[in-house]
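To convert, note that position 142 of the sequence shown is 142 in the UniProt record's numbering; the numbers rise steadily by one, no gaps. Just so you know, even glycine gets a beta-carbon here, dropped at the ideal spot from N, CA and C. Remember, it's a predicted structure, so these values are computed and weren't measured experimentally. Okay, so here's the structure we're looking at.
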Amino acid sequence: MTGINATNEQIAIRVFGGPSALIEYGGLTFLTDPAFDAPGEYPVGDGRVLTKTAPASVDPADLGPIDVVLLSHDQHPDNLDHSGRALLADVPLVLTTPGGAGRLGGTARPLAPWATIEVPRPDGGTVTVTATPAQHGPDGCEPITGEVVGFVLTAADLPTVYVSGDNASLPVVEKIAARVGPVDTAVLFAGAARTPLFDGALLTLDSAQAAEAAAILGARRVVPVHFDSWGHFTEGRAALVEAFTAAGLIDRLQLA
């Protein structure tokens, strides 16, 4: 996907392919899951590889200063790759799972589900970042896929933004909606990712589930990410358009 410029009141979001999106919120720049390496095969252990099929639409050197990285997890190269790890060295705050923060060190700070952190804004206010649960596969997947976290951004004068991370569970979405919903903008990791790891079970939301998640969250805008640029995604742009159209939510879907 070539970048998305989706503007909703004060909230600008640009998507660069894969899971990487730049969110301008409260005068701060938040970057999700930085993954900017070239196409190719990337090992994930036990002789398995993930295949990147398309480059990102931006060079990380052209992003400008990043205030916060929202990193759903550090274990998989389609969410954090070599160039992404290099980028973290120049970011003053990286929010991620407790295990990921321990592995990464540096400016990485752990956020367990429902923990919060206040990030100072240039105007003297704050943005509250709340960690949310995420389930990267079928029930019981955590010992294999590991910890994953999502995020909610809130501020007194701004719409709420939810970033799902790699989540495949609608019951998890229901818990989040009950606690923080409705949200204004949902950045949903979609694509119906599948690998042989769980006999083809979903590792991220499929398109129909993404539409259902939008309805559960009461989201006024949905910016899908992580549905292209990798071979293990089984549904792309066309499937998202079809699913949101069928659900009567196509007006909420923001695609380039």
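Exercise for review: Take A192 as the anchor and find which of P77, G181, P182, A208 has the nearest alpha-carbon.
Suggested key: By 1-based counting over the sequence shown, the position of residue 192 is 192. Taking only the C-alpha atoms, the option nearest A192 is A208.
Notebook entry, point to check: Name the DSSP bridge partner or partners of P133?
Noted result: Start at 1 with the first residue of the sequence shown, and residue 133 comes out as number 133. V149.
Neighbourhood of E24 by C-beta, 6 Å cutoff - its chain only, sequence neighbours within 5 removed: Taking the first residue of the sequence shown as 1, we reach residue 24 at position 24. These residues qualify, in order along the chain: A12.
message = My assumption, with CB atoms under 8 Å, is that L95 sits in contact with V68. Please give the rounded CB distance.
response = Counting from 1 along the sequence shown, the entry for residue 95 is found at position 95. Counting from 1 along the sequence shown, the entry for residue 68 is found at position 68. Contact flag correct, Cβ pair sits at about 6 Å.
- State the Cα-Cα distance for the pair N5 and A214, rounded to the nearest angstrom. Residue mapping note: residue 5 aligns to position 5 of the sequence shown, counting from 1. Residue mapping note: residue 214 aligns to position 214 of the sequence shown, counting from 1. With a pLDDT of 40 at N5, under the threshold of 50, the modelled position of this residue cannot be trusted, and the question is left open.
* What do you get for I144, buried or exposed, if any count of 16 or more other CB atoms within 10 angstroms of its CB means buried? -> Stepping through the sequence shown from its first residue, residue 144 is reached at position 144. I144 should be labelled exposed.
Backbone CA spacing between G45 and T97 [nearest angstrom]
To locate residue 45, count along the sequence shown from 1; it is residue 45. To locate residue 97, count along the sequence shown from 1; it is residue 97. T97 has its alpha-carbon roughly 20 Å from the corresponding atom of G45.
Quick one: Cα of K175 to Cα of A38, how far?
-> Reading the sequence shown from its first residue, position 175 is the one you call residue 175. Reading the sequence shown from its first residue, position 38 is the one you call residue 38. When rounded, the distance between both Cα atoms is 37 Å.
Nearest residue (CA-CA) to R121, options L70, L50, F30, F36: The residue given as residue 121 occupies position 121 in the sequence shown. Nearest of L70, L50, F30, F36 to R121, Cα basis: F30.
If you follow the alpha helix (DSSP H) that I176 is in, where does it begin and where does it stop? Taking the sequence shown and counting its residues from 1, one reaches residue 176 at position 176. First-last of the alpha helix (DSSP H) with I176: 170–180.
C-beta contact flag for A35 and S57 at 7 Å:
Counting from 1 along the sequence shown, the entry for residue 35 is found at position 35. Counting from 1 along the sequence shown, the entry for residue 57 is found at position 57. No.
query = Do you know how far the Cα of A238 is from the Cα of T245?
reply = Locating residue 245 in the sequence shown gives position 245, where the first residue counts as 1. Locating residue 238 in the sequence shown gives position 238, where the first residue counts as 1. About 11 Å.
Taking 7 Å as the cut-off, decide whether the C-beta atoms of A219 and A186 are in contact. Here the question's residue 219 lines up with position 219 in the sequence shown. Here the question's residue 186 lines up with position 186 in the sequence shown. Note that the C-beta distance between A219 and A186 is below 7 Å.
* Asked: Beta-carbon of G18 versus every beta-carbon of chain B: anything under 7 Å?
  -> No chain B is part of this structure, which consists of one protein chain only.
Checklist line | Reduced DSSP secondary structure (H/G/I, E/B, other) of P65 | finding: Looking up residue 65 in the sequence shown gives position 65. Reduced to three states, the DSSP call for P65 is coil.
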